[in-house]
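Residue numbers (the UniProt record's numbering): 1 to 200.
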């Protein structure tokens with residue numbers, strides 16, 4: 001069997017994936033790939049594999065930090081507005097003792113617990129594009145269900161929210177994906193597009 005032909009055939013199946021495209025935006029990585037294609041031996045394969053693993057780890061760390069910052073910012077903004085609505089007179093007087101709400105550390109623990117992203121597992125281009133349009137919280141809920149195998153109750157407990165609210169976020173996210181892809185998202189999930197998770 002000609003391994004060069006096999007590699008090229010397999011490469012065509014994944015070359016359009018956004019993660020691969022970003023990896024190959026680096027000329028060094030392009031050169032490593034070219035070496036593997038031209039001389040498919042163990043040494044060249046290990047070099048390419050090592051570089052991709054480092055790249056993938058950096059992407060995950062950046063995504064994790066970015067998501068954590070956005071969620072914290074949104075949550076902080078909501079808390080400020082909530083305080084202004086509940087205590088308008090108190091907040092009008094800077095000399096008044098500050099009223100403190102308990103910090104929901106469970107939400108941040110949930111972010112720390114989740115360092116993967118469902119989008120990294122999606123091979124269908126339309127589904128991946130639709131997934132990127134979801135809110136950060138919708139992505140987080142879907143990821144914890146279908147990648148980490150968490151139940152909605154477990155997610156609700158971690159975020160300090162009701163199970164009903166998590167269920168609504170989950171439902172809206174699936175409906176959004178269905179609208180954007182023009183298909184049955186649940187069917188795509190069952191066809192090994194996503195890992196099976198527990199939703200009860």
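Beta carbons are placed, not taken as given, at the ideal position from N, Cα and C, and that holds for glycine. It should be emphasised that the depicted structure is a prediction, and the values quoted were computed from it without experimental measurement.
Under the three-pair Cβ rule at 8 Å, the stretch 149-156 does not count as touching the stretch 124-136. The residue from 16, 11, 23 with its alpha-carbon nearest to that of residue 125 is 16. About 5 Å separates the beta carbons of residue 142 and residue 173, which is inside the 8 Å limit, making them a contact pair. In this structure, DSSP gives residue 122 a state outside helix and strand, which the three-state scheme calls coil. Considering only 39, 53, 45, the residue with the shortest C-alpha distance to residue 23 is 53. A direct Cα-to-Cα measurement between residue 20 and residue 57 gives close to 14 Å.
Nearest C-alpha to residue 14 among 178, 175, 120: 120. DSSP, reduced to helix, strand and coil, places residue 138 within a helical segment of the structure shown. Taking a contact as a CB-CB distance under 8 Å, the pair residue 177 and residue 130 counts as one, their CB atoms being some 5 Å apart.
DSSP places residue 30 in the uninterrupted alpha helix (DSSP H) bounded by 27-38. Secondary structure at residue 49: helix, using DSSP grouped into helix, strand and coil. The alpha-carbon of residue 157 is positioned some 41 Å away from that of residue 48.
Under the DSSP assignment, residue 133 falls outside any alpha helix (DSSP H); it carries neither an H nor an E label. For residue 167, the CB contacts under 8 Å within the same chain, skipping 5 residues up- and downstream, are 152 in chain order. From the listed residues 45, 145, 170, 127, the smallest Cα separation to residue 180 is found for 127. Around the beta carbon of residue 144, 16 or more other beta carbons sit within 10 angstroms, so the residue counts as buried. The three-state secondary structure of residue 170, taken from DSSP, is helix. Shown here, residue 24 sits in coil according to DSSP, grouped into three states, outside any helix or strand. A distance below 6 Å between beta-carbons, with the five flanking residues on each side excluded, links residue 170 to the following residues of its chain, in chain order: 141.
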